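Counted the way my numbering counts, the sequence shown spans residues 17 to 304. The beta carbon of each residue, even a glycine, is placed where N, CA and C say it ideally should be. Fair warning: this is a prediction, and the values are worked out from it, not measured in the lab. Working notes for the structure below.
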Amino acid sequence: MCTVVSGAYFAAEYVVFARRRRDRAASELLEFDRRNGAAAQADPQGVAKERSALEERLSSRPWWVEYTAGFFPVIALVFLLRSFLYEPFRIPSGSMIPTLQIGDLILVNKFEYGIRLPVLNRTIVEIGHPNRGDVIVFRYPHDPTQDYIKRVVGLPGDRVDYDNHQLKINGTPVPLAPQDRYYDPARLQTYRQFIEKLDSTSHRVIFVDGDGVQVRAALQHTNPDACVYSGGGVSCTVPQGSYFVMGDNRDNSEDSRFWGFVPDRNIVGHAFFIWMNFGNVGRIGSFK
Numbered sequence: 017m018c019t020v021v022s023g024a025y026f027a028a029e030y031v032v033f034a035r036r037r038r039d040r041a042a043s044e045l046l047e048f049d050r051r052n053g054a055a056a057q058a059d060p061q062g063v064a065k066e067r068s069a070l071e072e073r074l075s076s077r078p079w080w081v082e083y084t085a086g087f088f089p090v091i092a093l094v095f096l097l098r099s100f101l102y103e104p105f106r107i108p109s110g111s112m113i114p115t116l117q118i119g120d121l122i123l124v125n126k127f128e129y130g131i132r133l134p135v136l137n138r139t140i141v142e143i144g145h146p147n148r149g150d151v152i153v154f155r156y157p158h159d160p161t162q163d164y165i166k167r168v169v170g171l172p173g174d175r176v177d178y179d180n181h182q183l184k185i186n187g188t189p190v191p192l193a194p195q196d197r198y199y200d201p202a203r204l205q206t207y208r209q210f211i212e213k214l215d216s217t218s219h220r221v222i223f224v225d226g227d228g229v230q231v232r233a234a235l236q237h238t239n240p241d242a243c244v245y246s247g248g249g250v251s252c253t254v255p256q257g258s259y260f261v262m263g264d265n266r267d268n269s270e271d272s273r274f275w276g277f278v279p280d281r282n283i284v285g286h287a288f289f290i291w292m293n294f295g296n297v298g299r300i301g302s303f304k
């Protein structure tokens with residue numbers, strides 16, 4: 017809305033308002049010269065100074081133009097950056113611990129997966145597609161006003177199986193390398209920690225002790241016919257044009273295991289950089 021309003025005033029300024037000020041200034045300066053012809057002979061410097069002040073006053077833009085049209089270039093630049101290049105997001109939950117912490121301020125690359133029209137979310141230039149292991153921001157399919165962040169696990173056409181902390185892609189178990197236990201100070205709890213490898217991407221994941229979360233279909237599911245739930249686990253075939261996503265905090269993440277798949281049109285971009293966390297100023301840098 018700010019972009020539209022300031023843009024309208026910006027166009028009106030250069031098409032209408034500025035021309036009116038120039039015409040008025042020319043007319044009043046002509047009248048000033050006519051009235052002060054004799055005075056200019058006696059005190060040329062004084063008259064010239066007075067004329068310059070009058071010209072500056074007549075040419076200056078009124079305050080309401082300065083605070084509308086004047087801000088348009090900056091607002092338009094920010095709009096273009098956020099719409100097509102990079103956009104900041106704040107991590108609101110712990111579903112991506114240990115990779116991302118609550119309060120992390122991150123940057124999202126919006127053009128890596130294609131240039132999309134704002135609002136319509138239609139791809140106009142194909143550039144690339146998410147890979148297994150990418151961390152993506154997307155609009156939650158059941159409420160597009162909410163932005164979620166998860167890791168891509170399954171690509172279109174993949175069969176994804178998850179049961180008792182074991183993830184399989186197309187029948188092949190995803191490698192897990194044990195690490196030291198992870199301590200979450202917010203919950204005063206430790207978790208089992210592993211390095212998981214999805215294709216060429218290695219990242220940390222954590223699990224609670226024991227069997228972990230029992231997977232059940234949520235009341236809303238994007239494609240319930242594509243998933244089979246049994247014994248607390250799930251097996252899904254990812255539809256074309258969609259992705260299967262999960263949080264790295266595997267037992268504390270509401271993700272594709274429960275509510276279904278992320279359509280390509282819902283993807284906002286590839287999250288790749290932490291630029292600030294006000295609770296931990298040392299958390300700056302890229303992540304996988």
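- Bridge partners of A287 according to DSSP: V124.
- Within the model, the alpha-carbon separation for P255 versus R36 is close to 60 angstroms.
- M262 is not a Cβ neighbour of Y164, given a cutoff of 9 angstroms.
- Look at E212 here: in three-state DSSP terms it is strand.
- Fully enclosed beta strand (DSSP E) runs of no fewer than 3 residues occupy 163-170, 175-179 and 182-185 of the stretch 163-194, in order along the chain.
- Exposed is the label assigned to L46, since fewer than 16 other Cβ atoms lie within 10 Å of its Cβ.
- Fully enclosed alpha helix (DSSP H) runs of no fewer than 4 residues occupy 272-275 of the stretch 199-284, in order along the chain.
- Within the same chain, and ignoring the five residues on either side of N180 in sequence, the residues whose Cβ sits closer than 6 angstroms to its Cβ are D227.
- DSSP places F105 inside the beta strand (DSSP E), whose first and last residues are Y102 to R106.
- Taking the CA atoms as reference points, A242 sits about 11 angstroms from V176.
- Judged by DSSP secondary structure, F154 falls within the beta strand (DSSP E) whose first and last residues are V151 to R155.
- For G301, the beta-bridge partners assigned by DSSP are I290.
- Shown here, R197 sits in a strand according to DSSP, grouped into three states.
- DSSP, read as helix, strand or coil, puts P60 in helix.
- Between the C-alpha atoms of N147 and T206 there is a straight-line separation of about 30 angstroms.
- CA-CA distance, R220 to F105, rounds to 21 angstroms.
- Just so you know, the alpha carbons of E142 and A42 end up roughly 53 angstroms apart.
- In this structure R273 is buried. Its beta-carbon is surrounded by 16 or more other beta-carbon atoms within 10 angstroms.
- Taking the Cα positions, L204 is about 28 angstroms away from F288.
- Counting only the Cα atoms, K184 lies some 11 angstroms from V250.
- By the CB criterion at 9 angstroms, F260 and V284 fall outside the cutoff.
- Closest by C-alpha distance to F210, out of P191, A202, R232 and T217, is P191.
- DSSP places E142 in the coil class of the three-state scheme, outside both helix and strand.
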